[in-house]
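Numbering of the sequence shown is given in the UniProt record's numbering, commencing with residue 1 and proceeding in unit increments. What follows is a single structure, written as structure tokens, with notes after it.
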Amino acid sequence: MATTSNMFLYSLTIQAPTTINQAILGQFSGTKEQQIVVASGSRLTLLRPDPSQGRVITILSQDVFGIIRSIAAFRLAGSSKDYIILATDSGRIAIVEYIPQQNKFVRDKLETFGKSGVRRVVPGQYLATDPKGRACLIASIEKNKLVYVLNRNSQAELTISSPLEAHKAGTVVLSMVALDVGYANPVFAALEIDYTESDQDPTGDALQEIETQLVYYELDLGLNHVVRKWSDAVDPSASMLFQVPGGNDGPSGVLVCGEENITYRHSNQESFRVPVPRRKGATEDPNRKRTIVSGVMHKLKGSAGAFFFLLQSEDGDLFKVTIDMAEDDEGNATGEVRRLKVKYFDTVPVSTSLCILKSGFLFVASEFGNHHFFQFEKLGDDDDELEFSSDDYPTDAKASYTPAYFYPRPADNLSLVESIDSMNPLIDCKVANLTTDDAPQIYSICGNGARSTFRTLKHGLEVNEIVASELPGIPSAVWTTKVQRSDQYDAYIVLSFSNGTLVLSIGETVEEVTDTGFLSSVPTLAVQQLGEDGLLQVHPKGIRHIRNGQVNEWAAPQHRSIVAASTNARQVAVALSSGEIVYFEMDADGSLAEYDEKKEMFGTVTCLSLGEVPEGRLRSSFLAVGCDDSTVRVLSLDPETTLESKSVQALTAAPSALSIISMEDSSFGGSTLYLHIGLNSGVYLRTVLDEITGELTDTRQKFLGPRPVKLFQVSIQGQTCVLALSTRTWLGYLEPLSKAFMMTPLDYGDLAWGWNFSSEQCEEGMVGIQGQNLRIFSIDKLGDTLLQKSIPLTYTPKRLVKHPDQPYFYTIESENNTLPPELRAQLLADPAIVNGDARVLPPEEFGYPRGSGRWASCISVIDPLNEKRVLQTLHLEDNEAAVSVATVSFASQDNETFLVVGTGKDMILSPRQFAAGFIHVYRFREGGPEIEFIHKTKVEEPPMALIQFQGRLLAGIGKTLRAYDLGLRQLLRKAQAEVAPQLIVSLQTQGSRIIVGDVQQSVTYVVYKFESNKLIPFADDTIPRWTNCTAMVDYESVAGGDKFGNIWIVRCPEKASIEADEEGAGAHLQSAREYLHGANHRVSLMTHFYTQDVPTSISKTNLVVGGQDVLLWSGIQGTIGVFIPLVSREDADFFQSLESHMRSEDPPLAGRDHLIYRGYYVPVKGVIDGDLCERFALLHNDKKQTIAGELDRSVREIERKISDIRTRSAF
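So, in structure tokens, the structure goes:
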């Protein structure tokens, strides 16, 4: 990266891609537990299905900084652990092992075989492993195939051979699997097309006669050589292969799937074929053929030869395919195939991968939308579903046959256990603060077809509320306590009111008790289970120690009261109103002994903290004291130096709460003592407390809200956390995967007090006070910090726009090749339709009826704040489809705001065709919850971009940029100019400047001259960027994303910018000489970065209260990321150096060069990869120390800078 760049951005991922390209099943931990490894763009994620809870838990997710093309699992003979083979764009084959003790992926082998990148002749697109783990074949789309022999050496370490070649020029591979041949020589099957003759034939006749071949490649382990063993022609539409069990389990061979065709093939067996059944229904086309797009084979426990396939069509219908084999005299399967059978099983979302677990679950990695985890209720053996057999169908797919039909129905064999959130495809998103919280929310549209959703993303942890009950008054504090240390659960809830204390017992019911020994006539300051069997109550006038039914009291000195207290299982410290601190410690017989001297502080004490007694120790070594002079002092509690001051820290405001907590330390491993400080100003501080000297170092801070902060130690999922209360409720914890300390808000109302709660019904919960209510709740997931709330939409959303003043959103939705509602209703009402019954199945599960060339499109009004639903849906008629939307305030209509929608009629996407384009205008009724149609204006092409501009509408229609005003019957053309080379797809404006994004030719800067009513382009780009989305960063700079996954910022030359805005410059700009068929000025590239996802939206926004503006972008795979500007040169240099060291100390898992990866199309410029920098926390301590030494900083200082940049600008 050029260090002379004057703009530096720090790239961070807020939400990793949620799409799943491929999922594989295996025992990756070396135990008998089955786990799932999924590839999502550049991420490798390990999932653990939990059958007892019916959940899928993410164990590990790692960015490999490369494009994962294919993954496969294999297990060496005699081993109990599965390895993962990664085929990526690195030009290398990587074998990866999961180490459960360290919870990380480790690369065992890395073999280079070719060029990097995703090219048609570079192997990696197809990957197949021998079922016995002896070899793997990695192939390219065209020509090249490499076989690697996998083995073990004498030290039982994995070895990989040099590659054996099986290349064949002029051959395209469509699918590839390994055959199950037992322990015979490994065999791999491939679907191939030889295009040599058709490539050389200018007439095109040879193309019509081209054949699809099923080819077997055999690896001779004795000769160490690969041979082309057998080939035969199959159905020309064949596109997918599935392995059939072999050896003792079945006949071996493959299932070849094509258009309406499932055929069993093997070199030494007859062929058997069944058709893919078609749907029956009034709205279904009886002639439409289906294709298998996904599937899985599963072997049943017990008898040999017991297996079945679940194959899925493009409609999502699952078909159960079984193979009948001939039997010997004893009734055992011989391996000779008799027939192939298929029957309808159930319907699930269309998937990229299916995984059947031995525990009776099915994992569906959906192509679009949420992923699903189903449980098998039954295997569909004894139902009434019609079964189709190969006995009734010819082997030749071209021969005539009667199609097979079935009636789709609601799921019968599968029941949904969990739906896993996925935002793929994420089409558009906006940032707005509709809830008036401290931080804004992200509103997005995602999904496909009837499973599309409008989602609200909010930063926070999900809270599971268990109990909410009203109290007789408004309590000021709440505690829970056990009666004896050995108790498993809490016995009492203690509530403090302004005039007394209420004690409730915890059991099957919660009820008031009065014989506990607690003084109920005074408010309580602290409650503690003391020693083995004692209880302690601290109140303003003294301390009560309750033990064995006896009460010992210590009274506060006359004319003084207790203003603050802190306790643990062996120690008590109280602060008096006079500024004195009184310290007590439990002696050998279990009674409290007061330390002789009182420590006098310089001001009024506002808070105290003792911390827990460390295991194996008699006491906590330190007492933290906060005073109203804005200081925190650490006092020693060691017997020789009791209450001596060890350190002092000045603060920006008076402390309101302190908490000494021992937490896991990501810097050096093990645990470290931290002092958490809450200030009256709403700032939270976390500082390291040296366990020997008592010094305070490495302070980190975060603003939580304008109210004073209260702090409480809580336990969640076995982890010690800190609960912080201000205007919102926050939780500080170590993120399970990255081990970084996070301070995340809870999706819950603001609490006045919080404490741990443990009972038989809720073992690890919390109790809190909210006004007059007592609330008991728990937190189930610590890793997911983005909460999603969904509102279902009708069709695939295309664009999202917000009402300028009201909390309403408007989406345009379009579905291609889908019957519109009026045609569906017509077909259902037509008595002449005989293709089945007129039942309408829910489209969310079964999809909409298909119709070639038809469009179904609508406009939806959404209220995400109050009613949380779609308020109105307006369907478009006459085969129009909405393509763009904007809200426009027309100056000629007294600045009244209208909704403007661009549509296309009879559109064909590829090649691009249309009958006409229209611009519809709608008026908002009642402030926005309803819209009404006013008129529509016909234009030459579908307008792909609309925006408000100086009280008018600006529309991008083909190459033309046009300004419209609102008329009574149609829009009135006011100005136009041809400003784009091909097709305008995005518009941004500021002042009189317009940024025009072209589908292939980057951006053009256009200025509008009011005096001459002209639109004049004055600057464009040097590189043809295929623009998807743009956003203005400032008046001269624009950020954009292109369809190849790049995000860039370009800037207009200062001289050109000044010239364009000069009065009377219109004539000069128009007469300026064109430069190389473009505008007379060129923009300069400021930053460039490859994201590995296709950006769909980009916006300049603020995500954190008090934080700086960032660029937030969304990607089609569900990614959400930010680019944070680095203000100081020092920060830019530091992070550049850190990134450089991380590239060498933590090279990408799959062997891709990180610098080349981030500069995939254009060298990376002005952007630092924050995702790579954040991996610093996961490095081994030795590597951390090495990098810290090179950077001349401490490890903690580096981790603080990495943490601060995220917490101050993003989440």
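Here a beta-carbon is modelled for each residue, glycine too, at the ideal position from N, C-alpha and C.
Among 1101, 1011, 1012 and 250, the one whose alpha carbon lies nearest that of residue 1034: 1101
At least 3 beta-carbon pairs within less than 8 Å: the stretch 1119-1131 vs the stretch 14-28: yes
Span of the alpha helix (DSSP H) around residue 846: 843-846
Beta-carbon spacing of residue 325, residue 337 below 8 Å: yes
Any 3 or more C-beta pairs closer than 8 Å across the stretch 881-890 and the stretch 936-951: yes
Alpha carbon of residue 511 to alpha carbon of residue 654, nearest angstrom: 39 Å
Residue nearest to residue 780 in terms of C-alpha spacing, selected from 49, 45 and 55: 55
Cβ distance (whole Å) where residue 121 is taken to contact residue 135 below 8 Å: The Cβ separation is near 22 Å, so there is no contact.
Straight-line Cα distance separating residue 1133 from residue 3: Per-residue confidence for residue 3 stands at a pLDDT of 42, beneath the threshold of 50, marking its modelled position as unreliable; the derived number appears in the next sentence. Straight-line Cα distance between these residues: approximately 8 Å.
Distance, residue 630 Cα to residue 652 Cα: 7 Å
8 Å contact criterion, which residue 657 and residue 721 should meet: CB distance rounded: Going by Cβ atoms, the distance from residue 657 to residue 721 rounds to 15 Å, so no, they are not a contact pair.
Limits of the alpha helix (DSSP H) - the one that residue 1173 falls within: 1170-1173
For residue 137, the nearest candidate out of 102, 74 and 96 (CA to CA): 74
Pair within 8 Å by beta-carbon distance, residue 108 and residue 99: no
Residue interval of the beta strand (DSSP E) (run including residue 112): 104-112
C-alpha distance - residue 23 paired with residue 353, whole-angstrom precision: 6 Å
Within 8 Å, strictly: CB atoms of residue 62 and residue 43: yes
Three-state class that DSSP yields for residue 63 in the structure shown: strand
Which listed residue (523, 537 and 571) has its alpha carbon closest to that of residue 531: 571
Per-residue burial, residue 32 [other beta carbons within 10 Å of its own, 16 or more giving buried]: exposed
Same chain, Cβ closer than 7 Å to residue 346, five either side skipped, listed in chain order: 318, 411, 412, 413 and 414
Buried/exposed call for residue 1165, threshold 16 Cβ in 10 Å: buried
Local Cβ density within 10 Å of residue 839, reported as buried at 16 or more and exposed below that: exposed
Delimiting residues of the alpha helix (DSSP H) encompassing residue 1156: 1154-1158
Nearest-angstrom beta carbon gap, residue 684 and residue 648 [assumed within contact, 8 Å]: At roughly 20 Å, the Cβ-Cβ gap does not stay under 8 Å, so residue 648 and residue 684 are not in contact.
Secondary structure, beta strand (DSSP E): runs of 3+ residues fully inside the stretch 865-922: 869-875, 880-890 and 896-905
CB-CB length for residue 748 against residue 527, believed under 8 Å: The Cβ separation is near 23 Å, so there is no contact.
Cβ-Cβ separation, residue 1047 to residue 1089 (assumed contact under 8 Å), whole Å: 5 Å
Buried/exposed call for residue 374, threshold 16 Cβ in 10 Å: buried
Three-way DSSP call (helix, strand, coil) for residue 1141 in this model: helix
Member of 733, 758, 975 and 870 whose CA lies at the smallest distance from the CA of residue 795: 870
Distance CB(residue 86)-CB(residue 68) smaller than 8 Å: yes
First and last residue of the uninterrupted beta strand (DSSP E) at residue 1189: Note, residue 1189: premise wrong, no beta strand (DSSP E); alpha helix (DSSP H) at 1181-1191.
Contact between the stretch 466-476 and the stretch 490-497 (3+ Cβ pairs under 8 Å): yes
Beta carbon of residue 235 nearer than 8 Å to that of residue 250: no
Residue of 368, 398 and 399 minimising C-alpha distance to residue 447: 368
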